[in-house]
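Here the sequence shown stands for residues 2 to 404, numbered as in the numbering used here.
Structure first, then comments.
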Amino acid sequence: MLAVLFFINCFSPLRIHVDMLRYFAIKDCLENNCPPTADRTDYLPCGYTALLLALSKLGILRSFSIIFINCIYLLCGLYFVRRIFAYIQSPFFLFVLVLLNWTVIKFVDHPLSELQYLFFSMASIYAFYQYSGNKKMINLLMAFLFAALAFLTRTVGVALLAALCAGLIWEFRRQLIGLIRRNKILVAILALCLIAVLIFSKQLGLNHYTGVMSKQFQEGVHFSQILKWHFLEWGELFINTSSIKFSGYLPPPWGIGIFLFAGLICFSGFIYICFIKRNRIPFIVKAYLFFYMVLMFNWPFYDPRFWVPVIPLIAAVIAQTSFQENKSFRIIASVFLVLYTAFGIVSMIYMTYTSLNRKIFARTEAGGVYRNEYETHFFGKPLSDTANHEDPYVLDVLRRYDK
């Protein structure tokens, strides 16, 4: 049923996002001419731009194609996670946790790189997991190949490369010296790749992101604020709704406070389940989650979509955990699951409703920021009496790709 609803949302109009416009502008600069409003020095990793460019060359760069590919990415990523956590007795519990998460529901429908990165990163982890079992070199090579594609899609893929290296060290912690001697060529290739990353760090965008972080800290963002942002994101992931929308129904201190408290408790519980409590979670999964969380908790920006690529792994860690040992935990887990599912169903219904209703879509998408452009595109003119500005590039993108 959820798969059917995801497919129905493939018929959604093109959903505009600030970063989505950046991707399309970069694609236009490569393919034709840069838009007048484009920042010619803008940088985003080339992996997702390459997909947009390929779809454009094939003549199928449309909202339907983008969302359909995102759905394929998501389902394939779930397949890899299911194979890694084959010992989970209730796989549909895992699927529901992922497919009913509001961030997954939202960003599957957006032309953004999260789902492509999710696919490549889960494929890499699965290939390494296979390698740890059969020691076939082809699996190791595939793991690093998919990791490279993930890195070219999102720079946070450096966490995946670090996890693979940590995984290799862990697998051969006793035979490491012998491994290096027997696989000198492979070790030399990996060393050259690392050196190449350092040499071409500017072209790969590493300098860009470290510069962005430095600028944020120079402008007065404190580490305490960053922690607050990311605990708030975790609260949104587990309560399964946006704090911005939910907090509007409560007094100002309570709205954000509930999400912060929930995020702190859920993050602490997750750390205990994943890294402290005895479990069967593969080392490569733990290493990747560790490096990813370290990077994210130092990233000086707030956005719950940053966690979309690891939601399948977070859900798998939860799904493989038994809450039957303690009656209180069992009750809390049951209440949590009911609320999580209810909010997820509401999110799915709301997303589907807006996808199929253009008037509502224009008013609500991106908080109504692009309402004038959408209404002009859909109905020939803005329907709002207060309309006084239309972005020509947004209108051009909708004209060309929302068909």
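Positions of the beta carbon are idealized from the N, C-alpha and C atoms, including for glycine.
Neighbour flag for residue i against chain B, beta carbons, 7 Å
i    : result
V198 : In the structure shown, chain B cannot be found, because there is only a single protein chain.
Same chain, Cβ closer than 6 Å to residue i, neighbours up to 5 away in sequence not counted
i    : result
G256 : S248
Y341 : N241
M138 : none
G345 : L101 and N241
C-beta contact flag for residue i and residue j at 7 Å
i    : j    : result
C267 : F239 : yes
P313 : V5   : no
A148 : L169 : no
Y371 : I17  : yes
T355 : T365 : yes
T154 : Q117 : yes
L98  : A316 : yes
P36  : A51  : no
P310 : S91  : no
I68  : D20  : no
L56  : S66  : yes
Y49  : S125 : no
I186 : S348 : no
R63  : K404 : yes
G236 : F260 : yes
Y402 : L15  : yes
Nearest neighbour of residue i, chosen from the options [CA to CA]
i    : options                   : result
L79  : Y127, F201 and G134       : Y127
F7   : C72, C35 and L53          : C72
L162 : A189, L195 and F173       : L195
I70  : L100, P112, L59 and L101  : P112
S243 : F12, S13 and P305         : P305
V318 : L290, L396 and N327       : L290
S225 : N184, A263, G258 and F298 : F298
Sequence-distant residues of the same chain with beta carbon closer than 8 Å to residue i, five excluded per side
i    : result
Q405 : The first residue shown for the chain is 2 and the last is 404, placing residue 405 beyond what the model contains.
Y303 : W230, H231, L233 and E234
R281 : Y88 and Q321
L54  : K28, L31 and E32
P383 : R372, N373, E376, T377 and E391
F129 : N140, L141, A144, L165, G168 and I285
D43  : R23, A26 and I27
Spatial distance of residue i from residue j (CA atoms)
i    : j    : result
A343 : R23  : 34 Å
S269 : P283 : 20 Å
A151 : D386 : 45 Å
I245 : P252 : 12 Å
K360 : E376 : 8 Å
F380 : N10  : 21 Å
W103 : Y293 : 21 Å
R182 : W300 : 38 Å
S329 : S323 : 13 Å
L338 : I61  : 39 Å
G368 : I350 : 18 Å
R174 : Y273 : 25 Å
I200 : F94  : 45 Å
L399 : L228 : 37 Å
K136 : E172 : 10 Å
W308 : T38  : 30 Å
P254 : K58  : 51 Å
P46  : L191 : 21 Å
F12  : F108 : 14 Å
L396 : N34  : 16 Å
H223 : N358 : 42 Å
Y250 : L265 : 22 Å
I333 : Y132 : 38 Å
G134 : N184 : 18 Å
G258 : L193 : 48 Å
V336 : Y394 : 47 Å
D40  : N389 : 24 Å
Spatial neighbours of residue i in its chain, beta-carbon cut-off 7 Å, leaving aside the 5 residues before and after
i    : result
F96  : L79
A363 : R372, Y375, E376 and F379
F145 : L165
V159 : F152
A288 : A164, A167 and G168
F120 : Y74, C77 and G78
L296 : V157 and A160
N327 : none
A263 : G236, F239 and I240
Residue i Cβ short of 6 Å to the ligand FAD heavy atom set
i    : result
K404 : Of the ligands one can find in the structure shown there are none, so the ligand FAD has no counterpart to examine.
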